[in-house]
Amino acid sequence: MPVLFGMPSKVTFREYCCLKDTMQVVSFCVLMPRDSSFFRGCLSVAFLRPKNNIKGANTKTMIDLKTYGYTGVEAISDGLLPGRVTELRRERFTVMTERGEVTAVLKGAFYRKVETHVDFPCVGDFVLLHYNESGDSLIVKVLPRRSKFSRADYSGHAAGYAKTVLEQVVATNFDYVFILSSLNWDFNVTRIMRYLTQAWQSGGQPVVILTKVDLVENYNLPLTAITQSISDVPVHAICSHTRLGLNELAPYLMPGKTVVFLGMSGVGKSSLLNALIEQDVMKVQAIREVDSRGRHTTTHRQLFLLPSGSMVIDTPGMRELGLFDADQGIRVSFTDVEEWFHQCRFTDCRHQAEPGCAVLAGLADGSLPRERWAHYVAQQHENKYVQDKTSSVIGKRDRNKTNTTWSKQKKKNGGMKK
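Here our numbering is used: the first residue of the sequence shown is 5, the next is one more, and so on.
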C-alpha cells in the first residue's frame with residue numbers, strides 16, 4: 005500500500021532508497037505545489053516492497069565468471085569488462101558479466117573491423133564490452149574461441165543449386181556436443197553420422213543421445229545400429245519424462261563445463277533441458293503423428309546454467325545439416341576407412357579401377373562394408389563441393405578488397421598509378 009513521507013531537501017532519491025535497508029522503491033511520484041521549489045516542502049508518494057521479492061532486483065553482488073567457463077587468461081584493456089553471450093535476439097545480445105546480466109549491442113567500430121559474419125558474436129562467445137549501467141553496453145571484441153560448431157549455409161537454396169556457400173556458426177566454446185535423435189519413425193543413422201563428422205570438426209567431444217525410449221518396445225535394436233556404425237563415441241538411451249538414463253549424463257554435466265544440444269525439431273532437446281534444469285524453462289510441442297517430425301519449439305539459441313554448475317546451449321532444430329570445412333571431422337569419423345588407403349599399391353590411388361587397390365579388394369571380400377564406404381564417399385563429395393563454393397566467395401571478397409585499395413591509391417595519386 006502507498007506510504008507517505010517527506011523527502012529531505014539534501015538527500016537525493018537514490019540516496020534515500022539506499023537508506024531504506026529492507027525496502028525497495030518500485031513506484032514513485034512527487035506531489036509539489038506550483039509556487040514551491042523541488043527540494044523545499046515537497047511531499048513524495050512511494051510504493052514500497054521488500055527487496056527480496058522484486059524480480060531482477062539490481063544487487064551489488066559480484067558474479068564469478070569462472071562459473072560460466074571464463075578462464076581469464078587474456079589481457080584486458082582498462083575500461084573493458086569481460087562477459088559471456090548467453091542469448092541472441094536479432095541484433096541485441098544478452099551477456100553475463102561479473103556485474104550481472106546486461107543487454108548489449110555491437111559498437112559501431114566493430115562492423116568495420118570484422119571481415120565476415122563468422123566473426124560476429126555467437127551464443128557461447130566470450131566478449132569484451134564497455135559496461136553501461138543505465139543502457140545498452142557496447143561489445144568491442146570477441147575473444148578467441150576454443151571450439152566452434154558450424155554448418156553450411158546455402159542461403160535458402162537447395163544444395164545443388166547454391167551459387168555460394170557461407171559458414172553459419174551455431175555455438176562456440178563448448179566441451180561436449182550432445183547429438184539428439186528420437187527413437188521413432190524418423191530415426192536415421194546416416195543423419196547422426198553427419199552430425200558426428202561436424203562435431204569432430206568443431207573441437208568438442210560428441211555424445212549421441214537417443215531420446216524417447218518409451219516409444220519403442222526394444223531400444224537395443226537402434227542402439228546396436230548406432231554402435232556398429234560409429235566408434236569411440238558414447239551412446240546413451242534416455243527418457244526425459246521418466247528420467248530413465250539421465251544419471252548416465254552426470255559425468256558430462258560437471259561445474260564449468262558447457263554442452264551444446266543439436267538435432268532436428270521434435271527430438272526432445274527442450275524436454276531434456278527441462279529435465280536437467282528441473283523446471284519448465286522451455287515450451288515443448290507434440291510431434292506430428294504422420295511422419296514423427298517435430299515442430300520448431302526453440303526459436304533462438306540460448307545458454308542456460310544448470311543446478312549442477314554446468315551449462316547448456318540449446319539450439320533450434322535443424323531440418324538439414326550441411327557439412328562445412330569438415331576435412332578433419334571426416335578423417336576422425338572414418339579412420340577405419342582411410343586405414344585401407346595405406347595398403348594400396350599406388351599412393352595416388354583413386355580407388356576406382358586401379359590395380360592393387362586395397363579398398364576395392366576389401367569391398368569385394370566384404371571386409372570393408374559397402375555402406376560404410378558409401379557414407380565416406382558421400383561426405384567427401386559434399387565437403388569438396390562446399391569448399392569449392394566457399395573458395396569462390398573468399399576469392400571474390402579478396403578481389404573486392406584489392407580493387408578498393410587500388411581505387412583509394414589511385415585517388416591519392418591524382419588518378420595516376422605510380
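We treat Cβ as the ideally placed atom computed from N, Cα and C, and that holds for glycine.
Chain-order list of residues whose beta-carbon lies under 7 Å from that of residue i (same chain, five-residue window excluded)
i: L248; result: V217 and I242
i: G272; result: L184, S186, T215, K216 and S244
i: A279; result: S244, R247 and L250
i: R93; result: H304
i: P439; result: Past the boundaries of the shown model lies residue 439; the chain is included only from 5 to 422, so the question cannot be answered.
i: K393; result: A166, T168 and V169
i: H379; result: T194 and M197
i: K70; result: G260
i: P125; result: V89, F97, V131, I143 and V146
i: E78; result: L147
Close Cβ partners of residue i (< 8 Å) along its chain, the five nearest in sequence each way excluded
i: M258; result: S312, G313 and S314
i: A113; result: V144
i: Q384; result: I334
i: T107; result: R96, F97, T98, V99, D140 and S141
i: E91; result: F97, T98, V127, H304, R305, Q306 and L307
i: Y74; result: P86, R88 and F130
i: E19; result: Note that E19 scores 39 on pLDDT, short of 50, meaning its location in the model is unreliable and no value can be drawn from it.
i: I67; result: M100, T101, E102, R103 and G104
i: H240; result: V211, V212, I213, L214, G249, E252 and L253
i: L310; result: L257, L280, I281 and V316
i: I80; result: P86 and L132
Alpha-carbon spacing of residue i relative to residue j, whole angstroms
i: E171; j: S141; result: 27 Å
i: L227; j: L276; result: 19 Å
i: N192; j: I234; result: 13 Å
i: F308; j: V89; result: 11 Å
i: V316; j: F265; result: 7 Å
i: R198; j: A229; result: 15 Å
i: C348; j: R374; result: 17 Å
i: E386; j: R155; result: 12 Å
i: T168; j: E282; result: 43 Å
i: N188; j: A382; result: 25 Å
i: Y158; j: T339; result: 28 Å
i: T319; j: A175; result: 8 Å
i: V118; j: K111; result: 12 Å
i: V122; j: V173; result: 6 Å
i: D369; j: N224; result: 29 Å
i: D190; j: M322; result: 14 Å
i: M268; j: E324; result: 8 Å
i: E342; j: F153; result: 24 Å
Residue i Cβ short of 7 Å to the ligand GDP heavy atom set
i: P320; result: Among the components modelled here there is no ligand, and therefore nothing to report on the ligand GDP.
Cutoff 6 Å; reference residue i; Cβ partners in own chain excluding five residues on either side
i: R150; result: N177
i: Y72; result: R88 and M100
i: H355; result: C361 and V363
i: T262; result: G73, F178, D179 and M315
i: L84; result: L132
i: G366; result: W344 and L372
Residues that DSSP places opposite residue i in a beta bridge
i: Q306; result: E91 and D318
i: A108; result: F97 and S141
i: T262; result: M315
i: H240; result: I213
i: P86; result: L132
i: L69; result: Answer by DSSP bridge pairing: none, since L69 is not bridged.
i: L248; result: C243
- Task: Would you list, in sequence order, the uninterrupted beta strand (DSSP E) runs of no fewer than 3 residues that lie entirely inside the stretch 154–228?
- Result: 170–176, 180–186 and 209–215
- Query: Would the stretch 325–335 and the stretch 189–208 be scored as touching if the rule is three or more Cβ pairs under 8 Å?
  - Reply: yes
- Task: Mind the definition here: the stretch 126–133 touches the stretch 145–156 only if three or more C-beta pairs lie below 8 Å; say whether that holds.
- Result: yes
- Task: Entirely within the stretch 110–152 and at least 3 residues each: give me those beta strand (DSSP E) ranges in chain order.
- Result: 130–134 and 141–146
- Quick one: which unbroken alpha helix (DSSP H) runs of 4-plus residues sit fully inside the stretch 353–398? Chain order, please. 362–369
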